[in-house]
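See below for the structure under consideration.
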Amino acid sequence: MDKMKQAKDMYGSMKKMQQEVDKILVEGSSKNQLITVMVNGKHQIMSIKIDDQLQNLDLRELEKQTMIACNDALVKVNKEIKSKMGSMMNLPSGMKLPF
691 MDKMKQAKDM
701 YGSMKKMQQE
711 VDKILVEGSS
721 KNQLITVMVN
731 GKHQIMSIKI
741 DDQLQNLDLR
751 ELEKQTMIAC
761 NDALVKVNKE
771 IKSKMGSMMN
781 LPSGMKLPF
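Each residue of the sequence shown is one higher than the last, beginning at 691 in our numbering.
Set out below in structure tokens:
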């Protein structure tokens with residue numbers, strides 16, 4: 691019976707952890723800070739904002755800066771997820787998660 695309770699508790703903890711991860715929202719930006727991208731904990735892009743100063747920018751450069759902003763946001767969201775999961779799992783600060 692103890693194993694069933696442990697499994698149920700683990701499921702509850704994992705569900706709570708997923709809910710916390712789902713609440714994460716981070717902003718990434720291009721090098722010039724003129725493009726910003728918001729990404730949530732599910733790795734979904736929630737918004738992309740392009741400053742009006744870039745309206746005359748070469749299309750290839752605009753694509754490059756947008757990619758930089760998206761990658762910046764993804765790196766930040768992954769870092770935030772690892773941080774949240776580590777704290778919820780009570781891992782020592784130096785211990786890395788295997789993902």
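Glycine included, each C-beta is placed from N, C-alpha and C at the ideal position.
- Non-local beta-carbon contacts of G731 in its own chain, meaning distances under 7 Å to residues more than five positions away in sequence, involve V711, D712, K713, I714, V767, I771 in chain order.
- Residue nearest to H733 within the set G702, A763, K698 is A763 (criterion: CA-CA distance).
- Around the beta-carbon of A759, 16 or more other beta-carbon atoms lie within 10 Å, marking it buried.
- Annotation for E717: T726, M728 place their beta carbon closer than 6 Å to its own, counting only its chain and skipping 5 residues before and after.
- CA-CA distance, S720 to N746, rounds to 16 Å.
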